[in-house]
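J.: Be aware that the sequence shown starts at 197, since it is given in our numbering, and climbs by one per residue.
For each residue, glycine too, the CB sits at the ideal point set by N, CA and C.
Values in this document were obtained by computation on a predicted structure and should not be read as measured data.
First, the structure itself, so that you have it in front of you.
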Amino acid sequence: MTVFRGFMILVKRNLFMFFLYFAIFMSICIMIQVVTKGEGTSQFKEERRSIAVLDRDGGELAEGFIKYLGEKHHIVDIEDDKSVIQEKLFYRDIYYVVTIPEGFETVCLENGRKLKTTKIPGATSAFYIDQQIDTFLNEIRVLKHAGFSTAEALEEVKRIEEVDAEVTMIDQNGYGGQMTPYGYLFQYLPYLFLSVLCYILGFVMIAYRKQDVRRRMLCSSISLRKQNAQLVAGFVSVGSGFWVICMLMSIALYGKSFLADGNFFYYLLNSFVMILVALALSFLVGVLVEKEAVVNSVVNVISLGMCFTCGVFVSMSVLGKGVRMAAHFLPVYWYETVNEIIGNNAQFTAAQKAAVWQGVGIQLLFAATILSIGLVVSKYKEQE
């Protein structure tokens, strides 16, 4: 097992890069786990902003309108002066100013004129306040047309706002309508697989393919078939070991919830097939690249390029149609397609199960194709 031992020695020399990538990835996973612990849709609450109301009417409706805004935001008293308003907005003492005109009820309810507002340009909270104001005015308008007096309409709006509606979410996918936490972890695994394996094994292959090393190996008593078998054993050992470490990391982070998941087997299968793709790519990189200084650049292009276009760093739902079409020709796309299905569904329909196996099969075809290309290139270079 001389070739195998030499292979593992070269891997050991490049373990620093493995530990570097793995430590960064692990730190990010733990940080996300701590930051998002216990948070979800149940943690949503309305945001209160500091706003100002300039009341030029002083009527009953204006008073009720100010009380309505005061229940949702912090009302700040300021002078009705343009320079003062601009200064307050500039220093973020207030974020929104609404002016109630004289004859408020006639102007805004009967004539339908918009209230004059001043806001910080580009502030998203301003759109939310606009919606609250429109909701208030529309409710008052409807109630007034229904025969309510102004006082009765204000009282009814107040009663409506105090009602707490109970919402029951229909759990259609078995995970509360969301992807599982470990589903997000597995979404980012391709970058770790490609970066680490292509980098480490790429260096190993370059070392073995140096002319002097190849000549010595051809002159040795070990047959070429045994040499290749030991190289394959080295690749499989490194890839399998790395995959086991990543799976143990997932179990350590998510424990029983991950082990008890009905799709546990599919997570293991999909990630293992992705490891095979990464091993095939690392072999191809080692065959094509001849200088060690170029390996880092090539690996970054491969790993980052595929991960950005195939839904690893950016969800596929926000990628352009052209990018998604092009991503069909890359193996990571099919990994992410499978991961999205198993991460979002506790139980599969017949179509979803077929899509999962299709994605796994296509990844295997990619691995076989990439490996075949690497073998052809390797044979051609040996003949040279």
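Give me the Cα-Cα distance between Ser391 and Lys354, rounded to the nearest whole angstrom.
T.: Straight-line Cα distance between these residues: approximately 58 Å.
J.: At the level of alpha carbons, what is the spacing between Ala349 and Gly254?
T.: Looking at the two C-alpha atoms, the distance is approximately 17 Å.
J.: Put Val485 into one of helix, strand or coil per three-state DSSP.
T.: It is coil, neither helix nor strand.
J.: When we look at the beta-carbon of Lys310 and count the other beta-carbons within 10 Å, is it buried (16 or more) or exposed?
T.: With fewer than 16 Cβ atoms within 10 Å of its Cβ, Lys310 is classed as exposed.
J.: Could you compute how far the alpha carbon of Gln559 sits from the alpha carbon of Tyr462?
T.: Their backbone Cα atoms lie some 14 Å apart in a straight line.
J.: With a 10 Å radius around its C-beta and 16 neighbouring C-beta atoms as the bar for buried, classify Thr565 as buried or exposed.
T.: It is exposed - the Cβ of Thr565 has fewer than 16 other Cβ atoms within 10 Å.
J.: If you reduce the DSSP assignment to three classes, tell me which class Leu311 lands in.
T.: Leu311: coil per DSSP, three-state reduction.
J.: Find out if the Cβ-Cβ distance for the pair Leu484, Ile498 is shorter than 8 Å.
T.: The answer is no: Cβ separation not under 8 Å.
J.: As an exercise, report each continuous alpha helix (DSSP H) stretch of at least 4 residues that is fully enclosed by the stretch 310-356, in chain order.
T.: DSSP runs (the alpha helix (DSSP H)) wholly in the stretch 310-356: 320-341.
J.: Output yes or no for whether 8 Å exceeds the beta carbon distance between Phe221 and Leu388.
T.: In contact: Phe221 and Leu388 (Cβ atoms closer than 8 Å).
J.: In the structure shown, what three-state DSSP assignment does Ser478 receive?
T.: In the structure shown, Ser478 sits in a helix (DSSP, three-state: H, G or I).
J.: From the DSSP output, in three-state form, read off Ile247 for me.
T.: Strand.
J.: Decide if the stretch 205-223 is in contact with the stretch 392-410; the criterion is three or more beta carbon pairs, one per stretch, under 8 Å apart.
T.: Contact between the stretch 205-223 and the stretch 392-410 is present, because at least three Cβ pairs lie under 8 Å.
J.: Between the alpha carbons of Ala449 and Val440, how many angstroms are there, rounded?
T.: The sequence given here places Leu at residue 449; Ala does not occur at that position. So the two alpha carbons sit approximately 14 Å from each other.
J.: Under 6 Å Cβ to Cβ from Arg337, same chain only, skipping five residues before and after it: list those, please.
T.: Closer than 6 Å at the Cβ level, and outside the excluded window around Arg337, lie Leu305.
J.: Quick check on DSSP: helix, strand or coil for Thr302?
T.: Three-state result, Thr302: helix.
J.: Let me see if you follow: with CB-CB separation under 8 Å, is Tyr291 close to chain B or not?
T.: Within the model displayed, chain B is absent; a lone protein chain is all it includes.
J.: Run the CB neighbour count on Pro317, radius 10 Å, all protein chains shown included, and call it buried at 16 or more, exposed below.
T.: By the neighbour-count rule (16 or more Cβ atoms within 10 Å), Pro317 is not buried but exposed.
J.: Return the first residue and the last residue of the beta strand (DSSP E) that Val293 is part of.
T.: 292-296 is the extent of the beta strand (DSSP E) around Val293.
J.: Decide if Leu216 is buried, meaning its Cβ has at least 16 other Cβ atoms within 10 Å, or exposed.
T.: Leu216 is exposed by the Cβ-count criterion.
J.: Is the stretch 260-280 close to the stretch 243-252, with three or more CB pairs under 8 Å?
T.: Contact holds: three or more Cβ-Cβ distances are below 8 Å.
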